[in-house]
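Since the structure comes first, as structure tokens, the remarks are kept for the end.
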Amino acid sequence: MLKRLVFAVLLGVHAAAGSAPGVVIYEGYSVEQVSYVLTPEVQRQFCLLLTKPRASQVKVCASMDARQFDWWFEKTYRAGLFAHWSKAPVRVYAQPSPYPGGAADIEEVDLCAIGSYCFPARR
């Protein structure tokens, strides 16, 4: 049984969650909004706006190359996966931004940790 959807595979992020200094765990949040930036450059970025009752909203983002983004977009966004993310809590491991109000940098998103919807992360 897959315990985690590891964005390290999808995004090319190589740090293991919890192992890098300064990693913050956002637990029990749901995804309120998904946004993405498409540029003519090689890099793409997507962001998740996380919400939780009685807590402030958190914006977390990740960058990837165009090929990875196209695959991720087809397998998750167009497949309607985010409808599940907004209904069930997720756990996000991220490096906080060094800038006030800046987005945290996603290390890993764990969809199964709290019994929420999960799926195999296979290409």
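Its first residue numbered 261, the sequence shown is counted upward by one per residue in this note's numbering.
Idealized CB from N, CA, C, for every residue including glycine.
Going by other Cβ atoms of all chains shown within 10 Å of its Cβ, with 16 needed for buried, is residue i buried or exposed?
{"i": "Val369", "result": "buried"}
{"i": "Ile366", "result": "buried"}
{"i": "Leu298", "result": "exposed"}
{"i": "Ala315", "result": "exposed"}
{"i": "Tyr456", "result": "Only positions 261 to 383 of the chain appear in this structure, which leaves residue 456 out of reach."}
Since residue i and residue j are thought to touch, with beta carbons under 8 Å apart, how far apart are those beta carbons, to the nearest angstrom?
{"i": "Ser290", "j": "Val352", "result": "Not a contact, Cβ separation roughly 11 Å."}
{"i": "Ser311", "j": "Gln317", "result": "According to the sequence as given, residue 311 is Thr; it is not Ser. With 8 Å as the limit, Thr311 and Gln317 qualify as a contact, their Cβ atoms being about 5 Å apart."}
{"i": "Gln355", "j": "Ala363", "result": "That belief does not hold up - the Cβ atoms of Gln355 and Ala363 are roughly 10 Å apart, past 8 Å."}
{"i": "Glu292", "j": "Leu309", "result": "5 Å"}
Given residue i, which residues of its chain have a CB within under 7 Å of its CB, disregarding the five upstream and five downstream residues?
{"i": "Ala275", "result": "Interpretation of Ala275 is limited by its pLDDT of 38, a score under 50 that renders its predicted location unreliable; no figure is taken from the coordinates."}
How would you write the range of the beta strand (DSSP E) that residue i sits in, first residue to last?
{"i": "Ala326", "result": "It is not in any beta strand (DSSP E) - Ala326 instead sits in the alpha helix (DSSP H) that spans 326-332."}
{"i": "Ser316", "result": "Looking at the DSSP string, Ser316 is not in any beta strand (DSSP E), and its letter there is neither H nor E."}
{"i": "Leu298", "result": "Where Leu298 is concerned, there is no enclosing beta strand (DSSP E), given that its DSSP letter is neither H nor E."}
{"i": "Tyr353", "result": "350-355"}
{"i": "Val369", "result": "364-370"}
Apart from the five residues on each side of it in sequence, which residues of its chain come closer than 8 Å, Cβ to Cβ, to residue i?
{"i": "Ser323", "result": "Leu271, Gln303, Arg304, Gln305"}
{"i": "Gly282", "result": "Gln355, Pro356"}
Output needed for residue i: all residues of its chain with C-beta closer than 6 Å, excluding positions within five of it in sequence on either side, in chain order.
{"i": "Gly288", "result": "Lys312, Pro349"}
{"i": "Tyr296", "result": "Phe306"}
{"i": "Met261", "result": "Any answer about Met261 is weak, because its pLDDT of 28 lies below 50 and its placement is not dependable; what the coordinates show is given next. Nothing meets the Cβ criterion."}
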